[in-house]
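**Student:**
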Amino acid sequence: MSKDKYFIIDFDSTFTQVEALDELGAISLQNHPERSQLLDQIKEITDSAMAGQSSFSKGLTERLALLQAHQNHLPQLISRLREKVSESIRRNRDFLHQYADQIYIISSGFKEFITPIVTEYGIKEENVYANTFKVDAQGNLVGFDEANPLCLDKGKIRLLEQLALPGDVYVLGDGYTDYEIKEAGLANKFYAFTENVVRDNVVAKAEHIAPTLDEFLYQNKLPMAISYPKNRISVLLLENIHPQAVELYRREGYQVETISGALSEEELCEKIKNVSILGIRSKTQVTRRVLEHANRLMCVGAFCIGTNQIDLNACLEAGITVFNAPYSNTRSVVELALGEIIMLSRNVLDKSNKMHQGKWDKSAKGSFEVRDKKLGIVGYGNIGAQLSVLAEAMGMEVYYYDVVEKLQLGNARKCHSLRELLEKVDIVTLHVDGRPENKNLIGAEEFAAMKDGVIFLNLSRGHVVDIEALVQSIKSGKVSGAGVDVFPEEPATNSDPFESELCGLPNVILTPHVGGSTSEAQENIANFVPNRIMDYINSGNTYGSVNFPNLQLPELKNAHRLIHIHANVPGVLASINQVLAQNQVNILGQYLKTNERVGYVITDIDKAYDKQVVNDMKQVPHTIKFRILY
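Everything in the sequence shown is counted per the numbering used here, starting at 71 for the first residue and increasing by one.
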């Protein structure tokens, strides 16, 4: 990049995530009785001026009067602003240092708080242009230097005319005053910066949008901290995934689309094109055919525990990582199971239905405490184990069966076969996964082995129970009460009808697959899964992936990271290192993990290298995917 290009960067809501005078008001008016109203007025004036809907100069005077600020408030403001520097500014500190001679901060804010912030990022003090405060004898901030053009309407235009920068000018900002520089013919390009705030009339005027500084640098072929423009990462979230996930992805600069229901295979084949991250719950099937249409897919996030709805092998072969939420909704499922055990033991559902019909049936018949009852847990994973602990705390005698050797918690007793458990317990609850081998795990033979009057729960997967056998067992009295949360076939959306032979049967609780559907669980999942995926995209970490070799990598420091996914065949690592040697690349660290299908090699290298190495790495035999992190 030649020295005849200049970059103008705004401060408020661009260099920082906030408007500094709004933050100053929060400090100076802290103990004022009308604090909320005054802060609302200040924000309204700020937004109106930044959107170009009112006089900036008049608004500046009005805001200073409302602020009632003192120079002693400035150190606290500076401290706050340091914590509010925009994320993409933080990660591109190297660019700001490298191009310091060509970068100007031009703001209608004030030097007293701008200069201490921006100079920490390499901006030269002499390249900071902003207003300055007038201070009275008591130290009150009472006005501004009226000779400074930046206090006036169209002040940035006047300043740029004075500077007469001898080259191309590129402006990055969020306000109408930033756009006016381009409108006046004083800038080659204006980029509407939308990482922190989106002003519709500014975006509408802008020829270029920059969701992050990374995108601005990418479009202008400037060095950036990441190897891709984040706004080019497209996220598709299905099945009413919690808004927190949407917020996290958007905050990262990704483009997010949400769809409330599940999609059919045909619909997903069409929709998956150009999607980088797919987020689903339990109803969407990610098949091999879907993946054949996924030209840019990097990750699939299962916002639930199970992953049997995803073809994990096909994802692996395509170099697509899959992450789930193995713990986030455990407590919610356990609480529902306990609640249903108590409700069914007391026959509460039928008694409640009679009450709604005006019938008073006060009787202890068929109503039992759960204390001292034998609870049989089929599947002793995260949910089964936690249910074991809580049930024992309620005085239940716990038995469990699992095909995998599991260490019991508390006084739980292990059963050596499913039949042993079924014959022994008063209550059977299923918490198994959805692997094909578990289809009809509980059928007529298994129900026959249970005690007469058993209580039965399935909060795991719909296909693990033969529904017809369950219906007959309820009708015969073998099963005295049942709680079913999952079904072999479930409606794709809330507007579709639900039909089942279980409907209308006595002492049967039917719930629409809501075992993990609590606000707490969904928010936990919506935090956990996106963070795992973003960590993979930003650093290469695969820790927690359900299909990839798990690598937990050190932080990337002063290096570039090569990420190579390949078929697990002999000789690939040697080929990778041969490419690096031929290109005289210095290796700072290398990490390898394989499973039976793929190999995952991470190589950290010096920043100085011939870019030919990137092309050569992509040509290594058996390469599935290759990318580089800066």
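C-beta: ideal position from N, C-alpha, C; glycine also.
How many angstroms separate the CA atom of Val649 from the CA atom of His630?
**Tutor:** C-alpha separation (whole angstroms): 16 Å.
**Student:** Tell me Tyr471's beta-bridge partners as DSSP assigns them.
**Tutor:** Per DSSP, Val448.
**Student:** What do you reckon, are the CB atoms on Tyr191 and Val155 nearer than 9 Å?
**Tutor:** Going by C-beta atoms, Tyr191 is nearer than 9 Å to Val155.
**Student:** Using CA coordinates, which residue listed in Glu475, Val473, Ile453 and Leu445 is at the minimum distance from Glu462?
**Tutor:** When only C-alpha atoms are compared, the closest one is Leu445.
**Student:** Could you give the residue range of the beta strand (DSSP E) that holds Asn201?
**Tutor:** Where Asn201 is concerned, the enclosing beta strand (DSSP E) stretches over Val198 to Asn201.
**Student:** Counting only runs of 3+ residues fully inside the stretch 519 to 607, write out the beta strand (DSSP E) ranges in chain order.
**Tutor:** Listed in chain order, they are 524 to 528, 549 to 554 and 578 to 580.
**Student:** In angstroms with no decimal places, state the Cα-to-Cα distance between Leu488 and Val502.
**Tutor:** Near 12 Å, if we compare the C-alpha coordinates of Val502 and Leu488.
**Student:** Using alpha carbons as the reference points, say which of Cys485, Leu406, Gln456 and Lys181 lies closest to Tyr470.
**Tutor:** It is Cys485 whose Cα lies nearest to the Cα of Tyr470.
**Student:** Measuring alpha carbon to alpha carbon, tell me which of Lys476, Tyr450, Val473 and Asn481 ends up nearest Met464.
**Tutor:** Nearest C-alpha to Met464: Asn481.
**Student:** Mind checking which residues open and close the alpha helix (DSSP H) that includes Tyr246?
**Tutor:** Where Tyr246 is concerned, the enclosing alpha helix (DSSP H) stretches over Tyr246 to Glu253.
**Student:** Can you find the residues in the same chain that come closer than 7 Å, C-beta to C-beta, to Ile412, ignoring five residues on each side of it along the sequence?
**Tutor:** Closer than 7 Å at Cβ, skipping near neighbours: Val440.
**Student:** Report, in whole angstroms, the separation of the C-beta atoms of Asn577 and Asp431, which I expect to be a contact under 8 Å.
**Tutor:** With a Cβ gap of about 13 Å, Asn577 and Asp431 do not count as contacting.
**Student:** Which residues in the same chain have their Cβ closer than 8 Å to the Cβ of Gly255, if we skip the five residues on either side of it in sequence?
**Tutor:** None.
**Student:** Given that a residue counts as buried once 16 or more other Cβ atoms are within 10 Å of its Cβ, and exposed if not, what is Thr563?
**Tutor:** Answer is exposed; the Cβ neighbour count stays below 16.
**Student:** State the start and end residues of the unbroken alpha helix (DSSP H) segment that holds Leu409.
**Tutor:** A quick correction: the sequence has Gly, not Leu, at residue 409. That run of the alpha helix (DSSP H) goes Thr400 to Ser415.
**Student:** On the DSSP bridge assignment, give the partners of Ser615 in chain order.
**Tutor:** According to DSSP, Ser615 bridges with Phe393.
**Student:** Report the start-end ranges of each alpha helix (DSSP H) in the stretch 285 to 350 that is 4 residues or longer and not cut off at the edges.
**Tutor:** The stretch 285 to 350 contains these whole alpha helix (DSSP H) runs: 313 to 321 and 335 to 341.
**Student:** May I have the straight-line CA-CA distance separating Leu643 from Glu507, to the nearest angstrom?
**Tutor:** Cα to Cα, the separation comes out at about 36 Å.
**Student:** For the putative contact between Gly349 and Ile311, defined by C-beta atoms under 8 Å, what is the C-beta separation to the nearest angstrom?
**Tutor:** At roughly 5 Å, the Cβ-Cβ gap stays under 8 Å, so Gly349 and Ile311 are in contact.
**Student:** When you compare the CB positions of Tyr700 and Met120, do they come within less than 9 Å of one another, or not?
**Tutor:** No; because the gap between Cβ atoms is not below 9 Å, this pair is not in contact.
**Student:** Between Glu182, Gln682, Glu216 and Val305, which lies nearest to Glu603 when the distance is taken from Cα to Cα?
**Tutor:** Reading the sequence as shown, one finds Ile at residue 603 and not Glu. Closest option to Ile603, Cα to Cα, is Val305.
**Student:** Here's the rule I'm using: 16 or more other beta-carbon atoms within 10 Å means buried, otherwise exposed. How should His426 be labelled?
**Tutor:** Answer is exposed; the Cβ neighbour count stays below 16.
**Student:** Using 10 angstroms around the beta-carbon of Cys573, count the other beta-carbons present and answer buried if the total reaches 16, otherwise exposed.
**Tutor:** Classification for Cys573: exposed.
**Student:** Quick check: Ala332 and Glu309, are their CB atoms within less than 9 Å of each other?
**Tutor:** Yes, these two residues count as a Cβ contact at 9 Å.
**Student:** As a quick exercise: from Asp676, Pro691 and Thr84, pick the residue whose alpha carbon is nearest that of Gly641.
**Tutor:** Here the closest residue by C-alpha is Pro691.
**Student:** Using a 10 Å radius around the Cβ and a threshold of 16 neighbouring Cβ atoms, would you call Lys181 buried or exposed?
**Tutor:** Buried is the call here.
**Student:** Would you mind working out which of Gln689, Asn201 and Asp381 sits nearest Ser127, comparing C-alpha positions?
**Tutor:** Of the listed residues, the one whose Cα sits closest to Ser127 is Asn201.
**Student:** In chain order, what are the residue ranges of uninterrupted beta strand (DSSP E) at least 3 long that sit wholly in the stretch 131 to 194?
**Tutor:** The stretch 131 to 194 contains these whole beta strand (DSSP E) runs: 173 to 180.
**Student:** With DSSP run on the structure shown, which of helix, strand or coil describes Arg366?
**Tutor:** Residue state, collapsed to three classes: coil.
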